[in-house]
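Comments concern the structure below.
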Amino acid sequence: MNLLLDTHALIWWLEGSKRLGSGAKKALGFPGAGLWISGVSVWEMAIKSGIGRLRLEQPPEETIPILLNRGFRELPINWKHALAVRNLPPHHSDPFDRMLVAQAQCEGLTLVTADPAIAAYDVPTIDASG
Numbered sequence: 595m596n597l598l599l600d601t602h603a604l605i606w607w608l609e610g611s612k613r614l615g616s617g618a619k620k621a622l623g624f625p626g627a628g629l630w631i632s633g634v635s636v637w638e639m640a641i642k643s644g645i646g647r648l649r650l651e652q653p654p655e656e657t658i659p660i661l662l663n664r665g666f667r668e669l670p671i672n673w674k675h676a677l678a679v680r681n682l683p684p685h686h687s688d689p690f691d692r693m694l695v696a697q698a699q700c701e702g703l704t705l706v707t708a709d710p711a712i713a714a715y716d717v718p719t720i721d722a723s724g
């Protein structure tokens, strides 16, 4: 199974938060699972921490490389992802979440998220809080 972490799920994983549910932890720790971090999540974290809306224990420039060295894979935003957003129904207005949905659809990934609005899209999900 190939899993793309929503930004909040990524933050919960990075910080060892109890908000990340046991089902999500099990899926993320499953041997052979492909774990993906989108550039859009790093971008969102940088914006929100830069304006003071997100406080992290360690800055993303320190933690993201550690995860990549531990086997997480980087998912850059490409033109196919950008164009796929155009065809998404307006279930969600957050541009970061819409890009994550588009990337998951384009790349055949399962999105790990606690956001119920994402379930309205045609994309497989795992409940990050469950």
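Counting with our numbering, you get residues 595 to 724 for the letters of the sequence shown.
Beta carbons are placed, not taken as given, at the ideal position from N, Cα and C, and that holds for glycine.
Per-residue DSSP class, three states only, for residue i
{"i": "Ser723", "result": "coil"}
{"i": "Val706", "result": "strand"}
{"i": "Glu701", "result": "helix"}
{"i": "Asn681", "result": "helix"}
{"i": "Arg692", "result": "helix"}
Per-residue burial, residue i [other beta carbons within 10 Å of its own, 16 or more giving buried]
{"i": "Arg692", "result": "buried"}
{"i": "Asp709", "result": "buried"}
{"i": "Glu651", "result": "exposed"}
{"i": "Ala714", "result": "exposed"}
Where the alpha helix (DSSP H) containing residue i begins and where it ends
{"i": "Gly644", "result": "633-644"}
{"i": "Glu655", "result": "654-663"}
Closest by C-alpha distance to residue i, when choosing among the options
{"i": "Leu599", "options": "His686, Phe666, Lys612", "result": "Phe666"}
{"i": "Pro689", "options": "Gly702, Leu597, Ile712, Pro654", "result": "Ile712"}
{"i": "Val634", "options": "Ser723, Leu604, Thr704", "result": "Leu604"}
{"i": "Glu649", "options": "Ala618, Ile720, His602", "result": "Position check: residue 649 holds Arg in this sequence, whereas Glu was assumed. Residue His602 is the option with its Cα nearest to Arg649."}
{"i": "Asn596", "options": "Thr704, Pro718, Asp716", "result": "Thr704"}
Segment contact, 8 Å Cβ cut-off, at least three pairs: the region 692-706 with the region 673-681: Touching, yes.
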